[in-house]
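So the sequence lines, in the order shown, correspond to chains S and L. Heads up, the first sequence is in my numbering, so the first residue is 1 and it goes up one at a time. Heads up, the second sequence is in my numbering, so the first residue is 244 and it goes up one at a time. Beta carbons: idealized from backbone N, C-alpha and C, even for Gly.
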Amino acid sequence: MSQLYRGLWPQVVGTLAKYSVRFIDGAWRVTVLYAADEGLRFLAVEGDAADLVDKINEIKVSTGGQPGGTFYINEYRHVLVPVGDHTASRQVPYHYAGRYGKDFHFDFEGKTLTTKPVDAGGEQLAPGKQWFGPRPGIPYVLAAGGTDIYFETPALTDADPPDIRPRMTRRVQLSRVLKDKGLLSQAVAPVFRIRGYQGGRFYVNEHGAIFTPVGAHDGNGLDYIYCGEIDRKAWFPEPAVPF
Amino acid sequence: MTGFAFHKLPAPFPRWMGPFSPGRGNHSGFHVRGGKLGTWIQNGSGQSFWWVRGADSLVDCVERHWSGGRVLLLPNGFVVKPLQRDHDVGVRALIGHFTGSLLLKAADGSTFDLRSPGELKEGAHWPGPSTTGLECVIGQDGSLSCRWYHPTDWGRDETICLLRGPDSRLAEGFRVARLGENGGRVRITASGHIITNRRENHGGWDARYVGWASPESWKDWEQWIKNN
């Protein structure tokens, strides 16, 4: 029986910020929505991810849903599965589906895409460059003023297994977690260099890569800019998960 | 109506985890100041401090434990003290409850009864204190919801709660008080009278009367008392 996840639930993020399991060519596959030049395209993961797909579908079905649908992998490689009716007004719970250590690769017009911070040629991206690959990620916020990072997520009870505390949202601030100004500055710096004092939302993916949306240089929509990688010694601690 | 009476809880006081509004400046809300419980009322071009008659025991309690400071009188009668020392800032204590009248008196002898402010029509100028009470949001159906937070070791926990369901009378009162608007911020005063600030033509704000909610409206608030 799966349990509620004790860490950050991504909740309201764009359609490109999540993975999904879809039925393609007679099989359930891990897919991602990718913003190609000609529009949005679903890309299926290359290679075998059957163990992950099975686990996600098992959770979706055991909680009264249908197989397939959205999931996330965070920087701790925890797999998070939202279950239930997304259109209902009540909170959609996120279940923990285990740890997934493999990397995803996607084929796009004969080239291999990954969610690592690399460019079209596979070279490491420099901070400040436009993010190239698919961009599923977990949303964090650089606070206004640019001196703290926080996230917000529904509050859970301390019981084991946990339950949702109705009507309560928990804000967790990195400054309160680290209590060390040097480490905090270290954590904030890569995002601050792009977002500045205004702060704003950024994403961290399963590789610990940070990217953030900014106004596109041509004035149309948003560009996602690579900021750098999280320093795990200067970051939120890994949430407790069931064995 | 009998005079104001404060019924103190025994110390250590339990924590109050329920609806709460933060202070907005030094001259907002009820304060214990100079041996009196009172608040500021706008008169003419300035503000003056009006105090509650018969609140000596509440003043004693607040001065003994905290040497004065802000106090929140909730519409269900609870009296809440926000703590402000370095180690407990953001924590709120439930120190007791009040009953009876809320008669405010000014230095010049003028009085204002918060429980019986006179025959006020919806949308009328509110002649009493405009900064006391619980800040809420009124919906277009007249429902009242409140958002508040508590500090935690790692940040804060924020709660959003519907305090009172739809009420067409209050909805209409708000529309009259704030012409052209269907919902917005209101304050529920300690006596249950509900007011809102309206932007006037000269650019300033004026407190306007919205309506009244009976004390029976505030049910199950004991759920937010947390004993130490």
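Where residue i meets chain S, residues with beta-carbon distance less than 8 Å
| i | result |
| --- | --- |
| G261 (chain L) | Going along chain S, no residue has its Cβ under 8 Å from G261 (chain L), so there is no contact; the nearest lies around 12 Å. |
| D396 (chain L) | R176 |
beta-carbon residue i near the ligand NAP non-hydrogen atom, thresh 7 Å
| i | result |
| --- | --- |
| P265 (chain L) | This structure simply doesn't include the ligand NAP, nor any ligand for that matter. |
Residue j beta carbon less than 8 Å from that of residue i
| i | j | result |
| --- | --- | --- |
| L347 (chain L) | V295 (chain L) | yes |
| V21 (chain S) | V30 (chain S) | yes |
| K279 (chain L) | G339 (chain L) | no |
| F151 (chain S) | Y140 (chain S) | yes |
| G333 (chain L) | H270 (chain L) | no |
| Y76 (chain S) | Q3 (chain S) | no |
| K55 (chain S) | V83 (chain S) | no |
| P318 (chain L) | W467 (chain L) | no |
| G145 (chain S) | G200 (chain S) | no |
| G137 (chain S) | Y34 (chain S) | no |
| T374 (chain L) | R267 (chain L) | yes |
| I210 (chain S) | P190 (chain S) | yes |
| P67 (chain S) | C227 (chain S) | no |
| F192 (chain S) | L142 (chain S) | yes |
| A420 (chain L) | Q383 (chain L) | no |
| L387 (chain L) | P257 (chain L) | no |
| Y5 (chain S) | H78 (chain S) | yes |
| I284 (chain L) | W369 (chain L) | no |
| V53 (chain S) | W28 (chain S) | yes |
| M1 (chain S) | T402 (chain L) | no |
Residue environment, residue i, which counts as buried when at least 16 other CB atoms sit within 10 Å
| i | result |
| --- | --- |
| I149 (chain S) | buried |
| L345 (chain L) | buried |
| N57 (chain S) | buried |
| F42 (chain S) | exposed |
| Y197 (chain S) | exposed |
| L405 (chain L) | exposed |
| L40 (chain S) | exposed |
| Q124 (chain S) | exposed |
| N425 (chain L) | exposed |
| H274 (chain L) | buried |
| W448 (chain L) | exposed |
| A50 (chain S) | exposed |
| R195 (chain S) | buried |
| E206 (chain S) | buried |
| S264 (chain L) | buried |
| N74 (chain S) | buried |
| A298 (chain L) | buried |
| A159 (chain S) | exposed |
| N470 (chain L) | exposed |
| D410 (chain L) | buried |
| Q327 (chain L) | exposed |
DSSP bridge partner residues for residue i (one or two, in chain order)
| i | result |
| --- | --- |
| H253 (chain S) | Here chain S covers residues 1 to 243 and nothing more, so residue 253 (chain S) does not appear. |
| K233 (chain S) | Partner(s): none; K233 (chain S) has no beta bridge. |
| H195 (chain L) | Here chain L has residues from 244 to 471 only, and residue 195 (chain L) is not among them. |
| V81 (chain S) | S:H95 |
| P325 (chain L) | L:R335 |
| L43 (chain S) | S:V32 |
| C379 (chain L) | L:V429 |
| W461 (chain L) | Its beta-bridge partners do not exist; DSSP assigns none. |
| V249 (chain S) | Given a span of 1 to 243 for chain S in the structure shown, any question on residue 249 (chain S) remains unanswerable. |
| L316 (chain L) | L:V322 |
| Q130 (chain S) | S:I225 |
CA nearest to the CA of residue i, picked from the options
| i | options | result |
| --- | --- | --- |
| F247 (chain L) | L:L316, L:W293, L:T342 and L:V314 | L:T342 |
| P93 (chain S) | S:V81, S:F211, S:T15 and S:P213 | S:V81 |
| L316 (chain L) | L:E378, L:H330 and L:W369 | L:E378 |
| L422 (chain L) | L:R399, L:N444 and L:I403 | L:N444 |
| K18 (chain S) | S:Y5, S:G26 and S:T115 | S:T115 |
| G312 (chain L) | L:P318, L:K324 and L:D351 | L:K324 |
| G110 (chain S) | S:R193, S:G64, S:A120 and S:L183 | S:A120 |
| P134 (chain S) | S:L113, S:D223, S:P10 and S:F23 | S:L113 |
| Y452 (chain L) | L:A254, L:D351 and L:L357 | L:L357 |
| F321 (chain L) | L:L413, L:T432 and L:D351 | L:T432 |
| I164 (chain S) | S:V172, S:T153 and S:L174 | S:T153 |
| G435 (chain L) | L:W455, L:A450, L:R442 and L:G385 | L:W455 |
| Y107 (chain S) | S:F23, S:S185, S:V118 and S:V45 | As written in the sequence, residue 107 (chain S) is Asp, which differs from the Tyr given in the question. Of S:F23, S:S185, S:V118 and S:V45, the residue nearest in Cα terms is S:V45. |
| G376 (chain L) | L:A336, L:F417, L:R430 and L:G287 | L:R430 |
| N286 (chain L) | L:D331, L:V302, L:G371 and L:P257 | L:G371 |
| A216 (chain S) | S:K129, S:G14, S:M168 and S:D231 | S:K129 |
| G208 (chain S) | S:V53, S:A187, S:E38 and S:P162 | S:A187 |
Contact list for residue i against chain S, beta-carbon separation under 9 Å
| i | result |
| --- | --- |
| I403 (chain L) | R167, M168 and T169 |
Under 7 Å by beta carbon: chain S residues contacting residue i
| i | result |
| --- | --- |
| R399 (chain L) | R171 |
Amino acids of chain L, ordered along the chain, whose beta-carbon sits closer than 7 Å to that of residue i
| i | result |
| --- | --- |
| A155 (chain S) | D400 |
Partners in chain L for residue i, counting only beta-carbon separations shorter than 8 Å
| i | result |
| --- | --- |
| Y150 (chain S) | G398 |
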